[in-house]
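A.B. asks: This structure is in structure tokens; I'll ask about it shortly.
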Amino acid sequence: MKKTALLFMLGILLFASGLVSAVTHDIDGEPDTCWEDQICTCTADVSEPSEEWYNPELVPIEWDYDYCSILDQEVYYRTSTNGVGEECNGGYYSIEELDNSVDREHDWLNADEDVSDLDGIYCACIYGEQTGSLPGVLDCSLGFMFDDNEPNSEIFFGDGTIYLDDDPYINTEIPVTVTCEDDESGPDTIYYNIYTEDEDGEWELVPGHEFSYEGYEVTFYFHEQSRHMVEYWCVDETGNEESPHNEQIVFVDTQAPVFIDKTVGEPNVPGCDEEWQSCDWYVTQDTEICLTVEDPEPHPVGGVKVWCEYSWWNETTQGRQEPFQLELDETNTGCFQYGQDSYHELYCWTEDALGNTDYDEQECTNGELNTGQLCEADIVDTQPPVIEKTITGPWFGNCPPENEGDECYVDTETRIMVDAVDPGPHPVNDVLCSYEYQTRCAEGDDCEETSGGSNGLLEVPFEISFPEESFHDLWITCWDALGNEVTDFESFIVDKTAPALNKTVGTPNFNCENDLFGKCEEGWDYIIPMDTPITMSCEDQEPHPSGVKELCYSVTLDGVLQDNPYQYWYYNYNWEGSYWNEETDSWCVPVDDKQEINIEFKETSEHQLDFYCVDNVDKQSTTDSETFKVEGEVVEIPIYKKWNLISVPFDLLNEDVEDVFSQLEEDGTHITEVWTYDEDGWHVYHSNISLPSDLETIEPGYGYWVHADCETNDEDELCDDLEVGGALLSAGPEVPPTRELQAGWNLIGRYYSVEEEQEAGCALSSLVDTSMGFPRWSSLWRYNAAGINDWFEGLNSWDWTYHGEGYWVEMDVEDLYSPATTCQNFWD
Numbered sequence: 118m119k120k121t122a123l124l125f126m127l128g129i130l131l132f133a134s135g136l137v138s139a140v141t142h143d144i145d146g147e148p149d150t151c152w153e154d155q156i157c158t159c160t161a162d163v164s165e166p167s168e169e170w171y172n173p174e175l176v177p178i179e180w181d182y183d184y185c186s187i188l189d190q191e192v193y194y195r196t197s198t199n200g201v202g203e204e205c206n207g208g209y210y211s212i213e214e215l216d217n218s219v220d221r222e223h224d225w226l227n228a229d230e231d232v233s234d235l236d237g238i239y240c241a242c243i244y245g246e247q248t249g250s251l252p253g254v255l256d257c258s259l260g261f262m263f264d265d266n267e268p269n270s271e272i273f274f275g276d277g278t279i280y281l282d283d284d285p286y287i288n289t290e291i292p293v294t295v296t297c298e299d300d301e302s303g304p305d306t307i308y309y310n311i312y313t314e315d316e317d318g319e320w321e322l323v324p325g326h327e328f329s330y331e332g333y334e335v336t337f338y339f340h341e342q343s344r345h346m347v348e349y350w351c352v353d354e355t356g357n358e359e360s361p362h363n364e365q366i367v368f369v370d371t372q373a374p375v376f377i378d379k380t381v382g383e384p385n386v387p388g389c390d391e392e393w394q395s396c397d398w399y400v401t402q403d404t405e406i407c408l409t410v411e412d413p414e415p416h417p418v419g420g421v422k423v424w425c426e427y428s429w430w431n432e433t434t435q436g437r438q439e440p441f442q443l444e445l446d447e448t449n450t451g452c453f454q455y456g457q458d459s460y461h462e463l464y465c466w467t468e469d470a471l472g473n474t475d476y477d478e479q480e481c482t483n484g485e486l487n488t489g490q491l492c493e494a495d496i497v498d499t500q501p502p503v504i505e506k507t508i509t510g511p512w513f514g515n516c517p518p519e520n521e522g523d524e525c526y527v528d529t530e531t532r533i534m535v536d537a538v539d540p541g542p543h544p545v546n547d548v549l550c551s552y553e554y555q556t557r558c559a560e561g562d563d564c565e566e567t568s569g570g571s572n573g574l575l576e577v578p579f580e581i582s583f584p585e586e587s588f589h590d591l592w593i594t595c596w597d598a599l600g601n602e603v604t605d606f607e608s609f610i611v612d613k614t615a616p617a618l619n620k621t622v623g624t625p626n627f628n629c630e631n632d633l634f635g636k637c638e639e640g641w642d643y644i645i646p647m648d649t650p651i652t653m654s655c656e657d658q659e660p661h662p663s664g665v666k667e668l669c670y671s672v673t674l675d676g677v678l679q680d681n682p683y684q685y686w687y688y689n690y691n692w693e694g695s696y697w698n699e700e701t702d703s704w705c706v707p708v709d710d711k712q713e714i715n716i717e718f719k720e721t722s723e724h725q726l727d728f729y730c731v732d733n734v735d736k737q738s739t740t741d742s743e744t745f746k747v748e749g750e751v752v753e754i755p756i757y758k759k760w761n762l763i764s765v766p767f768d769l770l771n772e773d774v775e776d777v778f779s780q781l782e783e784d785g786t787h788i789t790e791v792w793t794y795d796e797d798g799w800h801v802y803h804s805n806i807s808l809p810s811d812l813e814t815i816e817p818g819y820g821y822w823v824h825a826d827c828e829t830n831d832e833d834e835l836c837d838d839l840e841v842g843g844a845l846l847s848a849g850p851e852v853p854p855t856r857e858l859q860a861g862w863n864l865i866g867r868y869y870s871v872e873e874e875q876e877a878g879c880a881l882s883s884l885v886d887t888s889m890g891f892p893r894w895s896s897l898w899r900y901n902a903a904g905i906n907d908w909f910e911g912l913n914s915w916d917w918t919y920h921g922e923g924y925w926v927e928m929d930v931e932d933l934y935s936p937a938t939t940c941q942n943f944w945d
């Protein structure tokens, strides 16, 4: 019915618009009154032409008919979906209850059927009943759109909204938007109401919170924290109104999370130093600072975050740590550690999932909880104490040891002074230390390993000493008040054994312990010629030798101590780097272990030589003291392989034949036999004790045949030099050497002279007829031992003779052979 009425109205409108001509038709026969084919006029129009969309239940149409058109006729209209200007294609509908009043304005026309599925374009056509049928209609003449659908409203929450169990959580800065959507006539008015819960949990309308807004969208904000319900709906332009939406619950959370607890882990020390008096804690880079937060009631959205940043500086550097987020556990607790040693100003703040925060660094109160921000100042000290050691008393080596392999020797009197300083930039101080040591025995050392230590904590400074001689492994551990720990490990070697002395008196020498002939006076230890080397050395002793530092000696000349250092220089007793020790009146020479120091006495006198050694930890040895009678000189006599004809030019310090040649034996030259000849015939010494020997001494003035055996690469087959020492003349009741020569052949040796070379006539000047000046010898022969080319050589008075050579001389008469000081050479 609605559709029929509506179509009828449209038809009337189209007709009234003048676009459709009024024509009468005979439907049930001839017209009652009007003439056949009489065209009657009829017009129709919308009473509110400004409207674009219309509710299909009430379309305002005005009709206007002429007399003919309403007389005994029905007026029909026809709907169309073809649009204005096109042929009507809908059904036929009649307009009822017409009367004969001309130009009457009718009320709203009620459509008799639903036309909401039509396109909204209609035509109105007028027909008569004269033709008995409904003829075709003219083109569509009037168009308008129907809207009988309800609009649709929705609510939206702005960016940052959090949904928990499908309920939105917002704050006062997040917008709430209600929109109205109508695809036909369009939105007209949006309505929304705000409800809150009363004490019984029932929803009640907030007074003054009923809102309407003309348009398709409205945005608003909540200004208080609460649980709200929003009721909203809208109406379109044709008056269609939707049912209210009243189930939207909104949680408004405006509170930032708050810090409820702060713990400063170990290690920590409360308080500050004098320079930084505003700080809260001393901590280390290992100290965890933990913050616990909660999102407070009544409507916590959760999603809590904690951000921190800090500034730091010390004497030389400064910086700022960019904000960082703490990782929170299930209890909303997060921890962090400082990353550098310095003074730190810390600022932390909270934020929930909605971005609620109390961030305002300028308004932060130090250490205050139950707010959304926290600030404090801390000093970070992760530096352990620095152990400083100094050594007093004797020491040697790399002391105190610093690197692996360093050796440090000390004595039991040595003191290791230990101090420890807590370093900057912000020391917490209050350093305490302890130490322990363990002894180690050297390989092969029969000792007992022991241990010791401080037996508790010590304030610094303190000292350490070792009571036993051994290897000592020492551990020193120090802590500051934060427990920053450092352990210093070092090994010390304790040496309390003094060096041993070693002295060698070179050859030639006469040891007075073996004096069988009464040569030595009381108190003498040796008789030596000038230039006999005396070798002194020291060796530091096991088990833990630190080595020899210096050898010190002094010389007493005829009972007078030579305390003038110049004397040592004058007599060449000095050594490079040596110095005069005034405390011990000795000449000290820096030496290494076993390094030999040689001195040779340069004057004929009685010498007392004292020497001692000091090791590197100042352990002094005993003093070796011996007295040397120095007289005569040293002559070197070459000894060749096989036979040699030699002599000694003076009284020897030790004339024992075996002792004379013992030096050669030690050096690898074997003397198999020694022969001499005098008025009694031949005398021999055999080194082989199984062979007979009757030669016991070597004396000046005699010649000796010496047979030597050695390994030599010398082309002259030189084995070695025989060193002999002695004096031709001696002070006191000593007779110079003299020898009786027999007529005939004699085996002699040349006596000592200042010059090594001397003409034969001068050397044998004592064998001259003093009245006539003629020599009493007629033949003089030498033996040149030169390896495979040995030969005898006859000598004249002017030929040279040498120390250490032996000669065959033929005497015309007996005579006394003695050292000569005159030179009466007959042939000169």
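With my numbering, the residue at position 174 of the sequence shown is 291, and numbering never jumps. Backbone N, C-alpha and C fix where the C-beta goes; we use that ideal spot for every residue, glycine too.
Please name the residue, chosen from PRO517, PRO540, GLY522, VAL545, that lies closest to ILE533 on a Cα-to-Cα basis.
C.D. replies: The residue with the shortest Cα to Cα distance from ILE533 is PRO517.
A.B. asks: Strictly by DSSP, which residues pair up with GLU341?
C.D. replies: Answer is none; GLU341 lacks a bridge partner.
A.B. asks: Tell whether a beta-carbon distance below 8 angstroms holds between ILE504 and VAL535.
C.D. replies: Yes. Within cutoff.
A.B. asks: Just verifying my parser: in three-state terms, what is the DSSP assignment at GLU834?
C.D. replies: Coil, per DSSP.
A.B. asks: Got a sec? Which residues, its chain only, sit under 7 angstroms from THR814 by beta carbon, not counting five neighbours each side?
C.D. replies: For THR814, where only same-chain residues beyond five positions count, the Cβ hits under 7 angstroms are GLU772, ASP773, VAL774.
A.B. asks: Measuring alpha carbon to alpha carbon, tell me which residue in PHE441, SER742, PRO417 is nearest GLN425.
C.D. replies: The residue you asked about is not Gln; residue 425 is Cys in the sequence shown. CYS425 has its Cα closest to that of PHE441, out of PHE441, SER742, PRO417.
A.B. asks: Let me check understanding here. Comparing Cα to Cα, which of VAL665, ASN733, PHE718, GLU750 lies closest to GLN712?
C.D. replies: Comparing Cα-Cα distances from GLN712 to each of VAL665, ASN733, PHE718, GLU750, the minimum goes to VAL665.
A.B. asks: Closer than 6 angstroms by C-beta to THR721: which residues in its own chain qualify, once you throw out the five before and the five after it? Chain order, please.
C.D. replies: Same-chain partners within the cutoff: VAL747, GLU748.
A.B. asks: Tell me, to the nearest whole angstrom, how far the beta carbon of ASP305 is from that of ASP353; I am working on the premise that it is less than 8 angstroms.
C.D. replies: Yes, they are in contact, since the Cβ atoms of ASP305 and ASP353 sit about 6 angstroms apart, within 8 angstroms.
A.B. asks: Counting beta carbon pairs with one atom in the segment 798 to 814 and one in the segment 582 to 597, are three or more of them shorter than 8 angstroms?
C.D. replies: No, the segment 582 to 597 is not in contact with the segment 798 to 814.
A.B. asks: Rounded to a whole number of angstroms, what is the C-alpha to C-alpha distance between LEU591 and SER738?
C.D. replies: Answer to the nearest angstrom: the Cα atoms are 29 angstroms apart.
A.B. asks: DSSP on SER779, reduced to helix/strand/coil?
C.D. replies: In the structure shown, SER779 sits in a helix (DSSP, three-state: H, G or I).
A.B. asks: Can you round the beta-carbon distance between LEU864 and GLY911 to whole angstroms, since I take them to be within the 8 angstroms contact cut?
C.D. replies: Contact doesn't hold; Cβ gap of about 16 angstroms is too wide.
A.B. asks: List the residues that DSSP assigns as beta-bridge partners of GLU857.
C.D. replies: Beta-bridge pairing links GLU857 to LEU933.
A.B. asks: Which same chain residues, not among the five before or five after ASP648, have their C-beta less than 6 angstroms away from its C-beta?
C.D. replies: Here the set comprises GLU717, VAL751.
A.B. asks: Using 8 angstroms as the threshold, is the segment 346 to 366 in touch with the segment 310 to 327, meaning 3 or more CB pairs across them?
C.D. replies: The segment 346 to 366 is in contact with the segment 310 to 327.
A.B. asks: In the structure shown, what three-state DSSP assignment does GLY842 receive?
C.D. replies: Residue state, collapsed to three classes: strand.
A.B. asks: Rounded to the nearest angstrom, what separates ASP256 and GLY325 at their Cα positions?
C.D. replies: With a pLDDT of 42 at ASP256, under the threshold of 50, the modelled position of this residue cannot be trusted; read the value that follows with caution. Looking at the two C-alpha atoms, the distance is approximately 56 angstroms.
A.B. asks: Can you tell me whether SER395 is buried or exposed? The criterion is at least 16 other CB atoms within 10 Å of its CB, across all chains shown.
C.D. replies: It counts as exposed.
A.B. asks: Tell me, please, which residues DSSP counts as bridged to ASN901.
C.D. replies: BP columns for ASN901 point to TRP908.
A.B. asks: From what residue to what residue does the alpha helix (DSSP H) around CYS879 run?
C.D. replies: Note, CYS879: alpha helix (DSSP H), 877 to 880.
A.B. asks: Give the straight-line distance between the Cα atoms of GLY861 and TYR670, rounded to the nearest whole angstrom.
C.D. replies: Those two C-alpha atoms are separated by around 55 angstroms.
A.B. asks: Is there contact between the segment 628 to 637 and the segment 478 to 485, where contact requires at least three CB pairs shorter than 8 angstroms?
C.D. replies: As far as the Cβ criterion goes, the segment 628 to 637 does not touch the segment 478 to 485, which means the pair count is below three.
A.B. asks: Hey, out of GLN859, SER870, THR855, PRO292, whose CA is closest to SER935's CA?
C.D. replies: Nearest C-alpha to SER935: THR855.
A.B. asks: On the criterion of 16 or more Cβ atoms from any shown chain inside 10 Å, does GLN490 qualify as buried, or is it exposed?
C.D. replies: Looking at its Cβ environment, which holds 16 or more other Cβ atoms inside 10 Å, GLN490 is buried.
A.B. asks: Considering only their Cβ atoms, is the gap separating LYS736 from ASP612 smaller than 8 angstroms?
C.D. replies: A contact, by the Cβ cut-off of 8 angstroms.
A.B. asks: Give the DSSP-derived three-state secondary structure of CYS940 in the structure shown.
C.D. replies: Coil.
A.B. asks: By the DSSP assignment, the beta strand (DSSP E) with LYS746 in it spans what residues?
C.D. replies: Where LYS746 is concerned, the enclosing beta strand (DSSP E) stretches over 741 to 747.
A.B. asks: Give me the Cβ distance between TRP822 and LEU762, rounded to the nearest whole Å; I'm assuming they're in contact under 8 angstroms.
C.D. replies: Right, the Cβ-Cβ distance comes to about 6 angstroms (below 8 angstroms), so this counts as a contact.
A.B. asks: Taking 6 angstroms as the limit between beta carbons, can you name the residues of its chain near THR673, skipping five residues before and five after?
C.D. replies: Closer than 6 angstroms at the Cβ level, and outside the excluded window around THR673, lie GLN725.
A.B. asks: Between the C-alpha atoms of GLU743 and CYS940, what's the straight-line distance to the nearest angstrom?
C.D. replies: Each residue's alpha carbon lies about 42 angstroms from the other.
A.B. asks: Under 8 angstroms between the Cβ atoms of PRO766 and TYR869?
C.D. replies: Going by C-beta atoms, PRO766 is nearer than 8 angstroms to TYR869.
A.B. asks: Answer with buried or exposed for MET653, where buried requires no fewer than 16 other C-beta atoms within 10 angstroms of its C-beta.
C.D. replies: Buried is the call here.
A.B. asks: Could you give the C-beta distance for VAL791 and VAL841, rounded to a whole number, given that I count them as a contact under 8 angstroms?
C.D. replies: About 13 angstroms; that fails the 8 angstroms criterion.
A.B. asks: Would you please state the rounded distance, in angstroms, between the beta carbons of LEU599 and PRO384? I believe it to be under 8 angstroms.
C.D. replies: That pair is a contact at about 4 angstroms.
A.B. asks: Check whether the Cβ atoms of ASP498 and HIS543 lie closer than 8 angstroms to each other.
C.D. replies: Their beta carbons are under 8 angstroms apart, which means ASP498 touches HIS543 by this criterion.
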